[in-house]
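Enquirer: Here the protein sequences come in this chain order: E, Y, G, B, C and L.
Residues 1 to 68 (my numbering) are what the first sequence spells out, left to right.
Residues 1 to 68 (my numbering) are what the second sequence spells out, left to right.
Residues 1 to 68 (my numbering) are what the third sequence spells out, left to right.
Residues 1 to 68 (my numbering) are what the fourth sequence spells out, left to right.
Residues 1 to 68 (my numbering) are what the fifth sequence spells out, left to right.
Residues 1 to 68 (my numbering) are what the sixth sequence spells out, left to right.
Note that beta-carbon positions come from the ideal geometry of N, C-alpha and C, so glycine has one too.
The structure presented is a predicted model; accordingly, all values stated were derived computationally and were not measured.
Number of protein chains: 6
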Amino acid sequence: MPIVRVEIAKGVATAEQKRAVIRRMTEVLVEELGRDPEFVFVLIDEVDTDNWGRKGRSLTELWAKTDE
Amino acid sequence: MPIVRVEIAKGVATAEQKRAVIRRMTEVLVEELGRDPEFVFVLIDEVDTDNWGRKGRSLTELWAKTDE
Amino acid sequence: MPIVRVEIAKGVATAEQKRAVIRRMTEVLVEELGRDPEFVFVLIDEVDTDNWGRKGRSLTELWAKTDE
Amino acid sequence: MPIVRVEIAKGVATAEQKRAVIRRMTEVLVEELGRDPEFVFVLIDEVDTDNWGRKGRSLTELWAKTDE
Amino acid sequence: MPIVRVEIAKGVATAEQKRAVIRRMTEVLVEELGRDPEFVFVLIDEVDTDNWGRKGRSLTELWAKTDE
Amino acid sequence: MPIVRVEIAKGVATAEQKRAVIRRMTEVLVEELGRDPEFVFVLIDEVDTDNWGRKGRSLTELWAKTDE
Chain E
1 MPIVRVEIAK
11 GVATAEQKRA
21 VIRRMTEVLV
31 EELGRDPEFV
41 FVLIDEVDTD
51 NWGRKGRSLT
61 ELWAKTDE
Chain Y
1 MPIVRVEIAK
11 GVATAEQKRA
21 VIRRMTEVLV
31 EELGRDPEFV
41 FVLIDEVDTD
51 NWGRKGRSLT
61 ELWAKTDE
Chain G
1 MPIVRVEIAK
11 GVATAEQKRA
21 VIRRMTEVLV
31 EELGRDPEFV
41 FVLIDEVDTD
51 NWGRKGRSLT
61 ELWAKTDE
Chain B
1 MPIVRVEIAK
11 GVATAEQKRA
21 VIRRMTEVLV
31 EELGRDPEFV
41 FVLIDEVDTD
51 NWGRKGRSLT
61 ELWAKTDE
Chain C
1 MPIVRVEIAK
11 GVATAEQKRA
21 VIRRMTEVLV
31 EELGRDPEFV
41 FVLIDEVDTD
51 NWGRKGRSLT
61 ELWAKTDE
Chain L
1 MPIVRVEIAK
11 GVATAEQKRA
21 VIRRMTEVLV
31 EELGRDPEFV
41 FVLIDEVDTD
51 NWGRKGRSLT
61 ELWAKTDE
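#1: What residues are listed by DSSP as bridge partners for Ile44 of chain L?
#2: For chain L, find out if any of its Cβ atoms is closer than 9 Å to the Cβ of Arg23 of chain G; answer yes or no.
#3: Does Ile3 of chain Y get closer than 9 Å to chain L when you measure Cβ to Cβ?
#4: Quick one, which of E:Lys55, E:Asp45, E:Leu43 and E:Asp36 has its alpha-carbon nearest Val12 of chain C's?
#5: What does Glu7 of chain C touch in chain G if you count any residue whose Cβ is under 8 Å from its own?
#6: CA-CA distance, Lys65 of chain C and Leu59 of chain C?
#7: Tell me the DSSP secondary structure of Arg35 of chain E in three-state form.
#8: Count the other C-beta atoms from every protein chain shown that fall within 10 angstroms of the C-beta of Thr14 of chain B, then say buried if there are 16 or more, exposed otherwise.
#9: Are any of the Cβ atoms in chain C nearer than 9 Å to that of Lys18 of chain G?
#10: Could you spell out the range, first to last residue, of the alpha helix (DSSP H) harbouring Lys65 of chain L?
#11: Buried or exposed, going by whether 16 or more other CB atoms sit within 10 Å of the CB of Glu32 of chain C?
#12: Quick check: the Cα distance between Asp45 of chain L and Arg57 of chain G, rounded to an integer number of angstroms?
#13: Identify, in the order they occur along the chain, each residue of the same chain with its Cβ nearer than 7 Å to the Cβ of Arg5 of chain L, setting aside the five sequence neighbours on each side.
#14: Heavy atom of the ligand MG less than 8 Å from the Cβ of Arg19 of chain B, yes or no?
#15: Taking 9 Å as the CB-CB limit, is Trp52 of chain E close to chain B?
#16: List the residues of chain B that Glu38 of chain Y touches, going by C-beta distances under 8 Å, in chain order.
#17: I want to verify the contact list: residues of chain C whose CB lies under 7 Å from the CB of Glu32 of chain E, in sequence order.
#18: Taking all protein chains shown into account, do 16 or more other C-beta atoms lie within 10 angstroms of the C-beta of Glu16 of chain E, making it buried, or fewer, making it exposed?
#19: Between the alpha carbons of Phe41 of chain E and Arg24 of chain E, how many angstroms are there, rounded?
#20: Over what stretch of residues does the beta strand (DSSP E) that includes Gly53 of chain G continue unbroken?
#21: What is the DSSP secondary structure of Val12 of chain Y, reduced to helix, strand or coil?
#22: Between the alpha carbons of Leu29 of chain G and Val21 of chain Y, how many angstroms are there, rounded?
#23: Using the three-state DSSP reduction, which class does Met25 of chain B fall into: helix, strand or coil?
#24: Quick check on this structure: which residue in E:Pro2, E:Ile3, E:Ile8 and E:Met1 has the alpha carbon closest to the alpha carbon of Thr50 of chain E?
#25: I'd like the list of long-range same chain contacts for Thr26 of chain E, defined as Cβ closer than 7 Å, with 5 residues on each side in sequence excluded.
#26: Excluding the five sequence neighbours on either side, which residues of its own chain have a C-beta within less than 7 Å of the C-beta of Lys10 of chain L, listed in chain order?
#27: Determine, for Lys10 of chain E, whether the minimum Cβ-Cβ distance to residues of chain G falls below 9 Å.
#28: Which bits of chain B does Ala13 of chain L rub up against, with CB to CB less than 9 Å?
#29: Mind reading off the beta-carbon distance from Arg54 of chain C to Met1 of chain E? Whole number of angstroms is fine, and I expect it under 8 Å.
#30: Which chain C residues are close to Glu69 of chain G, counting only those with a beta carbon under 9 Å from its beta carbon?
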């Protein structure tokens, strides 16, 4: 009955890519832990780059200069 | 000083229903655990159905066919 | 398909009380939002009082003086 | 490699204030725990006041009367 | 820079299985979203079966009867 | 009424250091956002190094070789 949460920056994944993440993360738990897929949940949280910081700066600032 | 978080799919609750959830979840913790309601917090997170998967598919896909 | 998480301080609830919280939180979502109980999940997280702070002090310190 | 999450009510912080929170929270973990800032993450979650309850009422209702 | 959290019931995964979950969840984000593995984090939270409820009962109770 | 959660690897902070983190994280929210300290909560979650992965390996494995 696992629950998976994935936090990614807003804008890095299309709807198609999010579907692939949901499908494959579920497979990992079915194949590696023998879980019933009926009860495997995957939630994706897309975080605004103003609201995600690394080394003291927001991703908005960091990504203005480099590509992560 | 409990904190409750409720994740529901976006669109399944009206503002009125969310108020009822907040009120009753608080009552549960006051009545069952003797907590001071002043310090009982309830946060509701409404998750886009594209971003919530079960058995490897998004709720958007699953709910297009059935009613959960 | 809601997921409820309840954070409480470690030691404030017995096994019996936790069962009551699980049962009643589930009822709230069934009765107020019409959710199917088969897919209502409640997770309880018991946090050490050294690891929970309010107004800049840990609950261990705060509760040494008063009863919250 | 710490991860910090900050939940605040939507509307209480400007972009400028959020940048200050990210910068200073990172400093706390670098200075107090000796963590490498390269791997200190801060995520801010701005919660709608309809979706945040205290003492059984939403912040929308509570703040209509008083100032927290 | 994604963060993945996996909640599973305590006891369903060995150390070996948890390593496989970490490795494969990381691969999913690298392959599907093009993320840099250096900044892909996976956290596993093993929840006591007394503290995880479904349909109003704890997993401890549910699993005493059936196999999920 | 902010809630702060800090996830750190188990073993990187003493009780004394955790108290400092709680105190200073609270100060950040009081000073930068003007929040009332009475309602600033800080929760620290200490994650086992077997349960925290980066670049597809657990911290237990990564730290056996280098210092993060």
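Expert: According to the structure shown:
#1: For the purposes of this step, residue 44 of chain L is identified with residue 44 of the sixth sequence, where counting begins at 1. In DSSP, Ile44 of chain L forms a bridge with L:Val6.
#2: For the purposes of this step, residue 23 of chain G is taken as the residue at position 23 of the third sequence. No, Arg23 of chain G lies away from the interface with chain L (no Cβ there is under 9 Å from its Cβ).
#3: The sequence position of residue 3 of chain Y within the second sequence is 3, counting from 1. Yes, its Cβ sits closer than 9 Å to a Cβ of chain L.
#4: In the fifth sequence, the residue the question calls residue 12 of chain C occupies position 12. Minimum Cα distance to Val12 of chain C is reached at E:Asp36.
#5: The count along the fifth sequence starts at 1 and reaches residue 7 of chain C at position 7. Here the neighbours are Leu43.
#6: Working through the fifth sequence from its first residue, we reach residue 65 of chain C at position 65. Working through the fifth sequence from its first residue, we reach residue 59 of chain C at position 59. Their Cα atoms are separated by approximately 10 Å.
#7: Translated into positions along the first sequence, residue 35 of chain E becomes position 35. Residue state, collapsed to three classes: coil.
#8: Position 14 of the fourth sequence, counted from the first residue, corresponds to residue 14 of chain B. By the neighbour-count rule (16 or more Cβ atoms within 10 Å), Thr14 of chain B is not buried but exposed.
#9: Counting from one through the third sequence, the residue named residue 18 of chain G turns up at place 18. It does: the Cβ of Lys18 of chain G has a partner Cβ on chain C nearer than 9 Å.
#10: In the sixth sequence, residue 65 of chain L corresponds to position 65, counting from 1. Here the alpha helix (DSSP H) through Lys65 of chain L covers Leu59 to Lys65.
#11: Looking up residue 32 of chain C in the fifth sequence gives position 32. Burial call: buried.
#12: As a position in the sixth sequence, residue 45 of chain L is number 45, starting the count at 1. As a position in the third sequence, residue 57 of chain G is number 57, starting the count at 1. Straight-line Cα distance between these residues: approximately 16 Å.
#13: Working through the sixth sequence from its first residue, we reach residue 5 of chain L at position 5. Closer than 7 Å at the Cβ level, and outside the excluded window around Arg5 of chain L, lie Leu43 and Asp45.
#14: As for the ligand MG, it is missing from this structure, which has no ligand bound.
#15: Translated into the one-based positions of the first sequence, residue 52 of chain E becomes position 52. Output row for Trp52 of chain E: interface = yes.
#16: Along the second sequence, read from residue 1 onward, the residue named residue 38 of chain Y stands at position 38. Ordered by position in chain B, the residues that pass the 8 Å Cβ test against Glu38 of chain Y are Arg54 and Lys55.
#17: Locating residue 32 of chain E in the first sequence gives position 32, where the first residue counts as 1. By Cβ distance, chain C contributes Gln17, Ala20, Val21 and Arg24.
#18: In the first sequence, the residue the question calls residue 16 of chain E occupies position 16. Flag for Glu16 of chain E reads exposed.
#19: Here residue 41 of chain E refers to the residue found at position 41 when the first sequence is read from its first residue. Here residue 24 of chain E refers to the residue found at position 24 when the first sequence is read from its first residue. Roughly 12 Å between the two C-alpha positions.
#20: In the third sequence, counting from the first residue as 1, residue 53 of chain G sits at position 53. From DSSP, the beta strand (DSSP E) with Gly53 of chain G extends over Trp52 to Arg54.
#21: Against the second sequence, residue 12 of chain Y aligns to sequence position 12. Coil.
#22: Along the third sequence, read from residue 1 onward, the residue named residue 29 of chain G stands at position 29. Along the second sequence, read from residue 1 onward, the residue named residue 21 of chain Y stands at position 21. Distance between the alpha carbons of Leu29 of chain G and Val21 of chain Y is about 7 Å.
#23: Walking along the fourth sequence from the start, residue 25 of chain B turns up at place 25. Met25 of chain B: helix per DSSP, three-state reduction.
#24: Locating residue 50 of chain E in the first sequence gives position 50, counting from the first residue. Sequence inspection shows Asp at residue 50 of chain E; the Thr mentioned does not correspond to that position. Nearest of E:Pro2, E:Ile3, E:Ile8 and E:Met1 to Asp50 of chain E, Cα basis: E:Ile8.
#25: Taking the first residue of the first sequence as position 1, residue 26 of chain E is located at position 26. Around Thr26 of chain E: Pro37, Val40 and Val42.
#26: The count along the sixth sequence starts at 1 and reaches residue 10 of chain L at position 10. Excluding residues within five positions, the ones whose Cβ falls inside 7 Å are Glu46, Val47, Asp48 and Thr49.
#27: Along the first sequence, read from residue 1 onward, the residue named residue 10 of chain E stands at position 10. Not one chain G Cβ lies under 9 Å of Lys10 of chain E.
#28: Translated into positions along the sixth sequence, residue 13 of chain L becomes position 13. Going along chain B in sequence order, the residues near Ala13 of chain L (Cβ under 9 Å) are Glu32 and Leu33.
#29: Taking the first residue of the fifth sequence as 1, we reach residue 54 of chain C at position 54. Taking the first residue of the first sequence as 1, we reach residue 1 of chain E at position 1. 7 Å between Cβ atoms; contact.
#30: Residue 69 of chain G lies beyond the stretch modelled for chain G, which goes from 1 to 68, so this question has no answer here.
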